[in-house]
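Residue numbers (the working numbering): 3 to 187. Since the structure comes first, as structure tokens, the remarks are kept for the end.
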Amino acid sequence: MDTTINDWRDRMNDKDKAQWLSDRWAEVAQGGVWECYWGQEWHVSTAGATAGSDPKKWRVVLPPVLKKIALTTLIGSGLDCEFWQKCSEYKHVGPLLSVDECFAPYMTDVDAFEHCQPRMSPYVHYWAGGNVCPVPEGFEMRLHLREGESWISGATRWIHTGQGGDIIGIEVISIKDGYTLGGGE
Numbered sequence: 003m004d005t006t007i008n009d010w011r012d013r014m015n016d017k018d019k020a021q022w023l024s025d026r027w028a029e030v031a032q033g034g035v036w037e038c039y040w041g042q043e044w045h046v047s048t049a050g051a052t053a054g055s056d057p058k059k060w061r062v063v064l065p066p067v068l069k070k071i072a073l074t075t076l077i078g079s080g081l082d083c084e085f086w087q088k089c090s091e092y093k094h095v096g097p098l099l100s101v102d103e104c105f106a107p108y109m110t111d112v113d114a115f116e117h118c119q120p121r122m123s124p125y126v127h128y129w130a131g132g133n134v135c136p137v138p139e140g141f142e143m144r145l146h147l148r149e150g151e152s153w154i155s156g157a158t159r160w161i162h163t164g165q166g167g168d169i170i171g172i173e174v175i176s177i178k179d180g181y182t183l184g185g186g187e
């Protein structure tokens, strides 16, 4: 436990304690979870602190903030995407034409959809060349080489023939930790 915070908590008056408690409950409203220091470690609590609680024994842990993947880089990339609506099992496959921040932001050649992502593994996107990766940051991918080898890459930029072989395919494997498609996707 941080001794600076504990020293301040020891000197809290009723007004400070009420403000501290109000701030923690606001964090809970934003998705935080109450934890209570009991024994030698912190434990999740479903009750939470009250006005009579010792502030040194309570904290709120906020969930990690995920980075939203910018799918606009898929526009004109030549990569196929999967599109779907929340209330339907139907998926459309095709190019992403535009992104507009509205109810169904992802526009294709046939309709607008709520959700979008590049086609994922085992599908391989064949690559005609260039030095800029068409896959947005936040995806784990496997690069396929003309020589038949492949490797997993986190790169967002590469030289088409300068990394030990000629890149001919890109396989999008998964979303990296710390990233999200956003919007409950």
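Each residue gets a CB set at the ideal place from its N, CA and C atoms; glycine is no exception. In this text, all values refer to a predicted model and were calculated from it rather than measured experimentally.
Quiz item: Between L76 and V137, what straight-line distance do the alpha-carbon atoms span, to the nearest angstrom?
Solution: Distance between the alpha carbons of L76 and V137 is about 7 Å.
Self-check item: Those residues which DSSP pairs with S100 across a bridge
Solution: The partner list for S100 (beta bridge, DSSP) reads M109.
Exercise. From the DSSP output, in three-state form, read off R121 for me.
Key: Here R121 sits in coil by DSSP.
Self-check item: Residue of A114, I170, C104 minimising C-alpha distance to G96
Solution: Checked all of A114, I170, C104; the closest Cα to G96 is A114.
Self-check item: Delimiting residues of the alpha helix (DSSP H) encompassing L23
Solution: Segment 16-31, the alpha helix (DSSP H) holding L23.
Practice problem: Give the straight-line distance between the Cα atoms of S55 and V67, rounded to the nearest whole angstrom. | Solution: Taking the straight line joining both Cα atoms gives about 28 Å.
Self-check item: Bridge partners - T182, DSSP secondary structure assignment
Solution: K70, per the DSSP bridge assignment.
Quiz item: In its own chain, which residues sit with a C-beta less than 6 Å from the C-beta of A31, not counting the 5 before and 5 after it?
Solution: Here the set comprises nothing.
Quiz item: With respect to the beta strand (DSSP E) encompassing V35, which residues constitute its N-terminal and C-terminal limits?
Solution: Here the beta strand (DSSP E) through V35 covers 35-40.
Practice problem: Report all residues from its chain with a CB closer than 8 Å to the CB of K178; omit the five preceding and five following residues, and keep chain order. | Solution: Taken in chain order, the residues that qualify are G140, F141, E142, G156.
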